[in-house]
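Asker:
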Amino acid sequence: MRTEREQELLLKALDAFNKRILIISKDFRIEAAVGLDQRLGDRTLKGEYCYVAFFNRDAPCFNCPAKKVLATGSFAERNIVSDPLEEDKRSCLFAYPIHKDGEIEAITIFTFDTPVLEGLEEELRRTNSFLYKLLQSACDGFIATDLTGKIIIFNDAAVEVTGYSVKEALDSLNIRAIYEGDGAREVMRNLRSDEYGGKGKLKKYQIMAVGRSGEKIPISLYASIIFDEKGKEAGSIGFFHDLRERIHIQKKLEKTQLQLIHSEKMASLGRLSAGVAHQLNNPLGGITLYTKLMLEDYDLEDNAKEDLNRILKDAQRCRDTVRELLTFARQTNQFMKPQNINKAIDQTLFFIQNQTLFHNITVRKKMEPFIPLVLADTQQLSHVFMNIIINAAQAMDGNGAITITTEEAATKDKVIVEIMDTGPGISAENLEHLFDPFFTTKEEGEGTGLGLSVVYGIVENHGGTITARSIPGRGSTFTLEFPIIHETEKGAEHAEYA
Ligand SMILES: Nc1ncnc2c1ncn2[C@@H]1O[C@H](COP(=O)(O)OP(=O)(O)OP(=O)(O)O)[C@@H](O)[C@H]1O
Ligand SMILES: [Mg+2]
1 MRTEREQELL
11 LKALDAFNKR
21 ILIISKDFRI
31 EAAVGLDQRL
41 GDRTLKGEYC
51 YVAFFNRDAP
61 CFNCPAKKVL
71 ATGSFAERNI
81 VSDPLEEDKR
91 SCLFAYPIHK
101 DGEIEAITIF
111 TFDTPVLEGL
121 EEELRRTNSF
131 LYKLLQSACD
141 GFIATDLTGK
151 IIIFNDAAVE
161 VTGYSVKEAL
171 DSLNIRAIYE
181 GDGAREVMRN
191 LRSDEYGGKG
201 KLKKYQIMAV
211 GRSGEKIPIS
221 LYASIIFDEK
231 GKEAGSIGFF
241 HDLRERIHIQ
251 KKLEKTQLQL
261 IHSEKMASLG
271 RLSAGVAHQL
281 NNPLGGITLY
291 TKLMLEDYDL
301 EDNAKEDLNR
311 ILKDAQRCRD
321 TVRELLTFAR
331 QTNQFMKPQN
341 INKAIDQTLF
351 FIQNQTLFHN
361 ITVRKKMEPF
371 IPLVLADTQQ
381 LSHVFMNIII
391 NAAQAMDGNG
401 AITITTEEAA
411 TKDKVIVEIM
421 DTGPGISAEN
431 LEHLFDPFFT
441 TKEEGEGTGL
451 GLSVVYGIVE
461 NHGGTITARS
471 IPGRGSTFTL
481 EFPIIHETEK
491 GAEHAEYA
């Protein structure tokens, strides 16, 4: 039993404690209160129902902890109702039974009716949840880490880019594993420097991340250091954007631009060539005709005949060049038909293989027997193969091997032809200009440098592509691709090649 003095001091201590405490009877009437004005306006609290006095209700609050105390006989706290608009959430927070002879005599309640605190608490909860949702639904990846690099926030976009799940990231992933090599250290070093958007900040920084399955992901990163109230580093945050798609599109665009420039160059050269060729054609015809007439009509000395024959030969060479120029300038395909590319190659080889240049050259054919048809002008196609094969033979000085391969692409939309030689190869510098008109490494008078540019124009007109690769000293390979036509009488045109 406490002495009167003890009881008096305890009561004073409760007052000094200055917390709101309420004692109610089992039927919810206020018996005593501490830290509360004993009067509310004109009303005296004592004897009032607590739910009337504080909440102006006509029955105990639905989530009243005192009700639980009465039901269970022990301490209870109010369920926090998550919906902030739920009116009934306003009620007391904690309740304890006061026993007498093993029975509940009254109930004491703490921290009740604290609308300001509750409002703040709710506001905080709402703000936190809003901020979390904001980061979670951001389009860019978002990662926050503590000082050790442990990940504490990892949003949906970060999951999408890296392939890690949120659980994996939060449980076991360190930020160091997200960057390639020493990337995390590099980011921190730059964050602490002044050069990338101010101290503690990193803006639009391109770096390589590594996905869950090891794939490298170029990213653009905006990062900041988090400082605590004392200005000490507490962690870091980073927003990042996957650059793979953008880089892919950029590369495609650059390639298209180069192709466009090349096509434009070809087209204007084509127009120029056509003009020059037409101008030269008539006088050349005249030179050839009159030289022939002189040779036939006059009884000339051998020396004069020799000179005239030389004139005739040179004039014919000029005529061949003019013809090349005209082919180069021709923009339309007038004789397009479904063609078997194997047949076109065989016909070309038939024409050139008997030339002395080919006597010491082995031609190997690795043709796919059933090759789909392509839409092509047979003469132009022969011209293409002839130019490439003669170039190869010339490069090998008539000694070596040429391997011709044909196959249907795995994508089933094109036919691929590869012409490979064992010649000296082409330097990287020359490869860049290979298809430029008038590019030649041959002696003056031996090559016009138009061969491959004509080939390029023809292949392009057929909707195809041509590329060359080479390892100097180990030969060159030309790869041509032509789109397949599907709707034709494949069977009839097919030829089998061993
Ligand atoms: N298979 C090859 N191996 C090595 N170099 C090659 C090969 N094919 C082409 N070249 C190089 O490319 C240049 C350009 O070839 P292109 O056919 O356009 O002109 P050219 O052969 O010099 O002249 P033209 O074809 O008018 O007689 C050649 O001079 C040669 O240097
Ligand atoms: Mg050539």
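Residue numbers for the sequence shown follow our numbering, beginning at 1 and rising by one.
Think of the CB as a built atom: it goes at the ideal place given N, C-alpha and C, for glycine as much as any other residue.
This structure is a prediction, so every number in the text was calculated from the model and none was measured.
Can you list, in chain order, every residue whose CB sits closer than 5 Å to a heavy atom of ligand 3?
Answerer: No copy of ligand 3 occurs in the structure displayed; its ligands are ligand 1 and ligand 2 alone.
Asker: Tell me whether the beta-carbon of residue 376 lies closer than 9 Å to the beta-carbon of residue 339.
Answerer: In the sequence shown, residue 376 corresponds to position 376, counting from 1. In the sequence shown, residue 339 corresponds to position 339, counting from 1. Going by C-beta atoms, residue 376 is nearer than 9 Å to residue 339.
Asker: In terms of alpha-carbon separation, which member of 395, 277, 388, 409 lies closest to residue 459?
Answerer: On the sequence shown, position 459 is the one that residue 459 refers to. Among 395, 277, 388, 409, the Cα nearest to that of residue 459 is on 388.
Asker: In whole angstroms, what separates the C-alpha of residue 216 from that of residue 183?
Answerer: Against the sequence shown, residue 216 aligns to sequence position 216. Against the sequence shown, residue 183 aligns to sequence position 183. Near 12 Å, if we compare the C-alpha coordinates of residue 183 and residue 216.
Asker: Please confirm if the segment 146 to 153 is in contact with the segment 197 to 216, defined as three or more CB-CB distances below 8 Å between the two stretches.
Answerer: The segment 146 to 153 is not in contact with the segment 197 to 216.
Asker: Output needed for residue 333: all residues of its chain with C-beta closer than 6 Å, excluding positions within five of it in sequence on either side, in chain order.
Answerer: Within the sequence shown, numbered from 1, the residue matching residue 333 stands at position 333. With a pLDDT of 49 at residue 333, under the threshold of 50, the predicted position of this residue should be treated as unreliable, though the coordinate-derived value follows. Excluding residues within five positions, the ones whose Cβ falls inside 6 Å are 377, 461.
Asker: Could you compute how far the alpha carbon of residue 271 sits from the alpha carbon of residue 477?
Answerer: The count along the sequence shown starts at 1 and reaches residue 271 at position 271. The count along the sequence shown starts at 1 and reaches residue 477 at position 477. Answer to the nearest angstrom: the Cα atoms are 30 Å apart.
Asker: Residue 289 by DSSP, collapsed to three states: which one?
Answerer: Within the sequence shown, the letter at position 289 stands for residue 289. The answer is helix: DSSP assigns residue 289 an H, G or I state.
Asker: Can you confirm whether the segment 346 to 357 touches the segment 378 to 387 when touching is taken to mean that 3 or more C-beta pairs between the two stretches lie within less than 8 Å?
Answerer: Taking 8 Å as the limit for Cβ pairs, the verdict is that the segment 346 to 357 does touch the segment 378 to 387.
Asker: For residue 240, which residues does DSSP report across the bridge?
Answerer: Along the sequence shown, read from residue 1 onward, the residue named residue 240 stands at position 240. Partner(s): 141, 221.
Asker: Apply the 10 Å Cβ neighbour rule to residue 1 and answer buried if 16 or more other Cβ atoms are within range, or exposed otherwise.
Answerer: As a first step, residue 1 must be located in the sequence shown, where it is residue number 1. It is exposed - the Cβ of residue 1 has fewer than 16 other Cβ atoms within 10 Å.
Asker: Return yes when the Cβ of residue 434 is within less than 9 Å of the Cβ of residue 452, no when it is not.
Answerer: In the sequence shown, the residue the question calls residue 452 occupies position 452. In the sequence shown, the residue the question calls residue 434 occupies position 434. Yes, the Cβ-Cβ distance between residue 452 and residue 434 is below 9 Å.
Asker: Confirm, please, whether the CB-CB distance from residue 70 to residue 26 is below 9 Å.
Answerer: On the sequence shown, residue 26 is found 26 positions in, with the first residue counted as 1. On the sequence shown, residue 70 is found 70 positions in, with the first residue counted as 1. Going by C-beta atoms, residue 26 is nearer than 9 Å to residue 70.
Asker: Taking all protein chains shown into account, decide if residue 127 is buried (16 or more other Cβ within 10 angstroms of its Cβ) or exposed.
Answerer: Your numbering for residue 127 matches position 127 in the sequence shown. Exposed is the call here.
Asker: Under a Cβ-count criterion, where at least 16 other Cβ atoms within 10 Å of its own Cβ denotes burial, should residue 56 be classed as buried or exposed?
Answerer: To locate residue 56, count along the sequence shown from 1; it is residue 56. Exposed.
Asker: Please confirm whether residue 169 and residue 210 have their CB atoms less than 9 Å apart.
Answerer: Position 169 of the sequence shown, counted from the start, is the residue given in the question as residue 169. Position 210 of the sequence shown, counted from the start, is the residue given in the question as residue 210. No.
Asker: Which residue wins for smallest C-alpha separation from residue 234, given the options 224, 426, 242?
Answerer: The sequence position of residue 234 within the sequence shown is 234, counting from 1. The residue with the shortest Cα to Cα distance from residue 234 is 224.
Asker: Near residue 425, what residues of its chain come up, given a Cβ to Cβ distance below 7 Å and the 5 sequence neighbours on each side ignored?
Answerer: One-based indexing of the sequence shown puts residue 425 at position 425. Once the five neighbours on either side are set aside, the close Cβ partners of residue 425 are 470, 471, 472, 473, 474, 475, 476.
Asker: Specify whether the segment 353 to 366 and the segment 309 to 328 touch according to this definition: at least 3 beta carbon pairs, one from each stretch, less than 8 Å apart.
Answerer: Contact fails: fewer than three Cβ-Cβ distances are below 8 Å.
Asker: Roughly how many angstroms separate the alpha carbons of residue 197 and residue 218, rounded to a whole number?
Answerer: Along the sequence shown, read from residue 1 onward, the residue named residue 197 stands at position 197. Along the sequence shown, read from residue 1 onward, the residue named residue 218 stands at position 218. Approximately 20 Å between the Cα atoms of the pair.
Asker: Less than 9 Å between the beta carbons of residue 414 and residue 483, yes or no?
Answerer: As a first step, residue 414 must be located in the sequence shown, where it is residue number 414. As a first step, residue 483 must be located in the sequence shown, where it is residue number 483. Yes, the pair counts as a contact, with Cβ atoms nearer than the cut-off.
Asker: Taking 8 Å as the cut-off, does the CB of residue 448 come closer than this to any heavy atom belonging to ligand 1?
Answerer: Translated into the one-based positions of the sequence shown, residue 448 becomes position 448. Yes - ligand 1 has a heavy atom lying nearer than 8 Å to the Cβ of residue 448.
Asker: Could you tell me if residue 480 is buried or exposed, where buried requires 16 or more neighbouring beta carbons within 10 angstroms of its beta carbon?
Answerer: Taking the sequence shown and counting its residues from 1, the one referred to as residue 480 is at position 480. Buried is the call here.
Asker: Can you give the Cα-Cα distance for residue 133 and residue 229, rounded to whole angstroms?
Answerer: Counting from one through the sequence shown, the residue named residue 133 turns up at place 133. Counting from one through the sequence shown, the residue named residue 229 turns up at place 229. Their Cα atoms are separated by approximately 25 Å.
Asker: Inspect the beta-carbon positions of residue 325 and residue 450 and report whether they are closer than 9 Å.
Answerer: Reading the sequence shown from its first residue, position 325 is the one you call residue 325. Reading the sequence shown from its first residue, position 450 is the one you call residue 450. Yes, they are a contact pair.
Asker: Going by DSSP, what residue range makes up the beta strand (DSSP E) through residue 206?
Answerer: Position 206 of the sequence shown, counted from the first residue, corresponds to residue 206. That run of the beta strand (DSSP E) goes 201 to 210.
Asker: Between which two residues does the alpha helix (DSSP H) carrying residue 54 extend?
Answerer: On the sequence shown, residue 54 is found 54 positions in, with the first residue counted as 1. Its alpha helix (DSSP H) spans residues 50 to 55.
Asker: Taking Cβ to Cβ, would you say residue 21 is nearer than 9 Å to residue 34?
Answerer: Here residue 21 is taken as the residue at index 21 of the sequence shown, counted from 1. Here residue 34 is taken as the residue at index 34 of the sequence shown, counted from 1. Closer than 9 Å, so yes.
Asker: Give a yes or no on whether 9 Å exceeds the smallest Cβ distance from residue 399 to chain D.
Answerer: The displayed structure is made up of one protein chain only, and chain D is not part of it.
Asker: Can you list, in chain order, the residues of its chain with a C-beta nearer than 8 Å to that of residue 74? Leave out the 5 residues immediately preceding and following it.
Answerer: For this step, residue 74 is matched to residue 74 along the sequence shown. Taken in chain order, the residues that qualify are 97.
Asker: Helix, strand or coil: which one does DSSP assign to residue 356?
Answerer: Translated into positions along the sequence shown, residue 356 becomes position 356. Correct three-state label for residue 356: helix.
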